[in-house]
DNA sequence: GCCGTTTTCGGCCCGACTGTTTTCAGTCG
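In this note's numbering, the protein residues as written are 13 to 586.
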């Protein structure tokens with residue numbers, strides 16, 4: 013037995029697909045590898061079982077050849093075909109594909125003609141002015157590649173949702189001052205509320221596209237213009253984020269909005285469906301075989317015209333939403349308004365900036381009916397974790413505030429470290445005084461998956477733990493989560509009726525939305541928590557709601573959609 | 001490399017912009 017898991021197989025298939033593109037194989041062959049990888053991604057069944065029972069080949073998209081290759085890799089941890097492919101086209105070529113403006117064909121040519129294998133070698137060749145010697149490569153291409161490398165090295169091409177959203181909003185505000193725009197909206201992964209964003213897409217409808225494009229490319233936020241056309245222009249903002257603006261005719265708006273919201277996978281699946289219906293779909297319309305357009309009213313009308321319920325943008329990831337929409341079986345997604353209260357807030361007792369009272373007042377003003385204060389526990393010395401006597405002092409203060417009855421209930425909580433041995437950070441007599449105990453891992457990240465899973469599982473089995481905080485500890489774009497078996501964690505949480513946090517901080521958004529749907533099916537209750545350290549942090553709740561929506565959650569799946577009394581009842585220990 | 005109310009062979013989703021081209025390939029979404 014090797015320790016290959018599904019993620020390893022997906023990575024391998026994608027790598028093979030890309031190397032085949034670089035090699036110049038049939039695009040349909042490489043696509044077969046990408047399709048298989050995407051298929052496995054949506055699969056919740058255990059890979060081991062599937063392979064042992066020889067049911068892999070029953071999946072639509074996996075034939076004889078892929079079945080054999082996946083099985084070989086799963087059993088031995090090695091795929092001979094891939095090893096020989098790597099001898100021909102080294103793995104390091106894949107990194108070059110991340111440079112904007114460089115695709116598989118160019119990588120292939122550069123490798124065959126110049127032996128360029130890395131981003132660094134490519135940069136050097138550009139500086140040496142050697143690229144222009146190649147047919148099909150000119151002065152401008154070389155400059156574009158050099159700019160692309162600069163961009164890639166600076167930011168690796170991805171941004172936090174919150175950063176990208178801020179830039180897009182600024183541009184929308186600027187364009188809204190024009191008089192000639194009919195409709196204007198954010199599209200793309202930003203509209204789908206992905207946790208990180210490659211670029212921001214904005215869609216406008218206007219009868220005067222040139223005026224709109226001129227305004228877009230001359231705004232104060234522009235640091236560089238990448239391209240400028242009648243229907244599409246792209247710029248880099250001061251933060252280095254690429255923003256694409258598309259301008260279309262007003263009558264094309266619903267079709268274009270759907271198209272440019274994506275995801276690519278959702279749209280491919282949708283077009284397959286549309287094709288089977290004898291229709292054709294693109295950003296300009298929905299067409300019958302004779303070429304006449306099917307008129308629709310809005311994006312919802314477009315989905316209706318192809319026999320589907322309206323699919324909210326957050327769900328458009330080809331994770332089963334099309335099938336659910338065809339069966340009129342889409343969930344009624346949670347909204348910001350469903351959230352009744354805030355859990356997971358730090359104050360100046362530990363590493364927060366504000367007092368209990370200040371945080372509570374702001375939460376009240378934001379319309380919430382309760383707030384649960386959860387400062388760090390005593391072992392978190394780096395964050396000023398609370399010693400038992402400080403806990404008692406905070407409880408007194410909370411009791412006093414609650415007696416004033418100023419329009420919001422304050423719960424006593426703690427974000428207790430889950431210590432390396434899996435225990436919580438206070439003796440029982442302190443733990444039992446909290447209304448809510450969030451348990452989080454803040455130390456010893458380097459444990460093996462087995463040990464880390466055991467550590468967290470032990471905490472989940474502790475009767476004083478209410479909520480498992482940021483379950484992987486990841487920091488988006490900067491720190492990988494610790495290795496942990498989330499399947500096991502979710503099973504234990506379901507069994508022990510423990511709540512799992514959706515940390516709404518835009519730096520975390522942990523747990524990952526891709527796991528939420530599964531957790532929901534397992535009957536797990538989640539809680540959207542801002543992990544706020546100041547007043548502004550309370551407004552991060554909206555990011556968590558977006559992630560919950562991506563994970564198909566409804567208000568009944570969320571602890572903090574309950575009222576204050578129900579929460580206390582829910583969190584009461586036997 | 002996969003698949004079949006169009007098919008066991010010949011298809012496989014669709015279009016804009018750029019650059020290097022005299023009609024198109026590559027990249028991107």
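Here a beta-carbon is modelled for each residue, glycine too, at the ideal position from N, C-alpha and C.
In this structure residue 297 is buried. Its beta-carbon is surrounded by 16 or more other beta-carbon atoms within 10 angstroms.
Pairing residue 89 with residue 16 gives a Cβ-Cβ distance under 8 Å. Here the alpha carbon of residue 235 sits roughly 16 Å from the alpha carbon of residue 164.
Taking residue 149 as the centre and dropping the five residues before and after it, the same chain places the C-beta of 143 closer than 6 Å to its C-beta, in chain order.
In this structure, the beta-carbon distance from residue 202 to residue 233 does not fall below 8 Å. Distance from residue 372 to residue 420 at the Cβ level is roughly 5 Å; contact confirmed, criterion being Cβ atoms closer than 8 Å. Contact between residue 398 and residue 391 is absent: CB atoms are separated by about 10 Å, not below the 8 Å threshold. Segment contact: the stretch 487-495 against the stretch 423-435, fewer than three CB-CB distances shorter than 8 Å; contact not assigned.
Residue 53 is a Cβ neighbour of residue 22, given a cutoff of 8 Å.
Nearest in C-alpha terms to residue 445, of all of 456, 478 and 417, is 478. The way I'd put it, the stretch 446-462 does touch the stretch 429-437; three or more beta-carbon pairs between them come closer than 8 Å.
The criterion of a C-beta distance shorter than 8 Å is not satisfied by residue 278 and residue 211. Taking 8 Å as the upper bound for CB-CB distance, residue 65 and residue 205 are not in contact here, some 37 Å apart. Under the rule that a run must span 3 or more residues, the beta strand (DSSP E) segments found entirely inside the stretch 490-534 read 511-515. DSSP lists 427 as the bridge partner or partners of residue 388.
Between residue 266 and residue 303, the gap from beta carbon to beta carbon reaches 8 Å or more. Collapsing the DSSP output to three states places residue 293 in a strand.
DSSP places residue 42 in the uninterrupted alpha helix (DSSP H) bounded by 39-54. Annotation: residue 506 to residue 481 spans about 15 Å, alpha carbon to alpha carbon. If you keep only unbroken alpha helix (DSSP H) runs of at least 4 residues inside the stretch 315-366, you get 333-338.
Sequence-distant Cβ neighbours of residue 366 in its own chain, meaning closer than 7 Å and more than five residues away, are 359, 360, 546 and 547. Here the stretch 343-363 lies against the stretch 554-562, with 3 or more beta-carbon pairs under 8 Å apart. By the beta-carbon neighbour count (other beta carbons within 10 angstroms, threshold 16), residue 393 is exposed.
The C-alpha of residue 317 is placed about 7 Å away from the C-alpha of residue 308.
Closest by C-alpha distance to residue 35, out of 106, 70 and 71, is 106.
Taking C-alpha positions only, residue 465 is separated from residue 530 by approximately 18 Å. Just so you know, the alpha carbons of residue 215 and residue 193 end up roughly 10 Å apart. Going by DSSP, residue 21 is part of the alpha helix (DSSP H) stretching over 18-35.
By the Cβ criterion, the stretch 332-345 is not in contact with the stretch 371-386, since fewer than three pairs of Cβ atoms, one from each stretch, lie closer than 8 Å.
Apart from the 5 residues on each side of it in sequence, residue 403 sits with its Cβ closer than 8 Å to the Cβ of 426, 438, 442 and 445 in its chain, given in chain order.
Taking C-beta atoms as the reference points, residue 251 and residue 179 count as a pair closer than 8 Å.
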